[in-house]
Amino acid sequence: MITTTASVPRGKQVPHVVEKRQYVSFWVDGQLLGVPVQVVQEVLTSQHIARVPRTRPEIAGLLNLRGQIVTAVDLRKSLGLPPRAIDQTCMNVVLRYRGESFSLLVDEVGDVIEVDSHGMVAPPRTLDQRWKKVTSGIIRLDGRLFIILDFTTILGLQ
C-alpha cells in the first residue's frame, strides 16, 4: 500500500470536499422521510400482507415477494402516528439489510433526493423521544424538514 501526502502551499486553502448522499424519500402522515438509497431493494404498490399473531404492534405482517418472505413494518405505528384511513392504500419501500428483506409501509413514495452531507444536523433535544431514537439526521430542504430514518432501529436490528 502506497500512501502519499501532498502539501498545500502557504496562503492556499485546502479544497472543501463535499460528499453527496442519496436517499429514497417517502411521506408518512404529511412528513417527508427518507432512507439511504443503497439499502432500498425496490418500491412496491400495496401488497397483500398476512397478519402474524403475537408480534410487536408495529409489525403489520408478512408479504410474499416472488417467493421471498418479507416482514412488513407499519411506520405509522412505529412513529406513534394515527392509523391510515380505511380507504387509504399504502406503498412498500423494501429494504435489504444483511441478507434479509423488510418492507416499510408508507403513504406515498417520493423521489431519490441527493443532498450535501454537511447539511444534515442531529435531531434536536426537544424532539419526541420516539422520533429521536429512530432519526439519524435532519436536513432542511426547500422550507421543510427531511427526516432521515435510522432504519436499523425501526426494524429492531440494533
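Residue numbering for the sequence shown follows my numbering, starting at 10 and increasing by one per position.
All residues carry an ideal CB built from backbone N, CA and C; glycine is no exception.
Asn73 versus Ile58 - alpha carbon distance:
Translated into positions along the sequence shown, residue 73 becomes position 64. Translated into positions along the sequence shown, residue 58 becomes position 49. Spanning the two alpha carbons is a distance of roughly 8 angstroms.
For a quick check, are the C-beta atoms of Ile156 and Ile147 less than 8 angstroms apart?
As a working note, residue 156 is residue 147 in the sequence shown. As a working note, residue 147 is residue 138 in the sequence shown. Yes, they are a contact pair.
Report the rounded CA-to-CA distance for Thr80 versus Ile68, giving the unit in angstroms.
Taking the sequence shown and counting its residues from 1, the one referred to as residue 80 is at position 71. Taking the sequence shown and counting its residues from 1, the one referred to as residue 68 is at position 59. For Thr80 and Ile68, the distance between alpha carbons rounds to 7 angstroms.
Using CA coordinates, which residue listed in Lys142, Arg75, Ser126 and Thr54 is at the minimum distance from Pro133?
As a working mapping, residue 133 is identified with position 124 in the sequence shown. Ranking the options by Cα distance to Pro133, first place goes to Lys142.
DSSP-derived helix/strand/coil call for Leu84:
Numbered from 1 along the sequence shown, position 75 holds the residue referred to as residue 84. In the structure shown, Leu84 adopts helical secondary structure according to DSSP, grouped into three states.
Do Ser145 and Glu28 have their C-beta atoms closer together than 8 angstroms?
Reading the sequence shown from its first residue, position 136 is the one you call residue 145. Reading the sequence shown from its first residue, position 19 is the one you call residue 28. No; because the gap between Cβ atoms is not below 8 angstroms, this pair is not in contact.
Does DSSP put Val103 in a helix, in a strand, or in coil?
One-based indexing of the sequence shown puts residue 103 at position 94. Here Val103 sits in strand by DSSP.
Among Val121, Gly128, Gln40 and Pro62, which one has its Cα closest to the Cα of Tyr32?
Locating residue 32 in the sequence shown gives position 23, where the first residue counts as 1. The shortest Cα separation from Tyr32 among Val121, Gly128, Gln40 and Pro62 belongs to Val121.
Relative to the C-alpha of Leu114, which residue among Leu104, Arg153 and Glu123 is closest?
For the purposes of this step, residue 114 is taken as residue 105 along the sequence shown, with counting starting at 1. Proximity to Leu114 across Leu104, Arg153 and Glu123 peaks at Leu104, based on C-alpha coordinates.
Ser112, buried or exposed, once every other Cβ within 10 Å from all chains shown has been counted against 16:
Walking along the sequence shown from the start, residue 112 turns up at place 103. It is buried - the Cβ of Ser112 has at least 16 other Cβ atoms within 10 Å.
Could you pull the DSSP bridge partners for Val7 from this structure?
Within the shown structure, residues of the chain are numbered from 10 to 167, placing residue 7 beyond reach of any answer.
Assigned secondary structure, Gly108 (DSSP; H/G/I helix, E/B strand, else coil):
Indexing the sequence shown from 1 puts residue 108 at position 99. In the structure shown, Gly108 sits in coil (DSSP, three-state: anything other than H, G, I, E or B).
Going by alpha carbons, who is nearest to Arg93 out of Asp38, Val102, Asp159 and Thr161?
Position 84 of the sequence shown, counting from 1, holds the residue named residue 93. The alpha carbon of Arg93 has as its nearest neighbour, out of Asp38, Val102, Asp159 and Thr161, the alpha carbon of Asp38.
Counterpart residues of Glu7 in DSSP-defined beta bridges:
No information on residue 7 is available, as it lies outside the stretch 10 to 167 that the chain covers here.
My output table needs one value for Gly128: the three-state DSSP class, helix, strand or coil.
Translated into the one-based positions of the sequence shown, residue 128 becomes position 119. DSSP places Gly128 in the helix class (H, G or I) of the three-state scheme.
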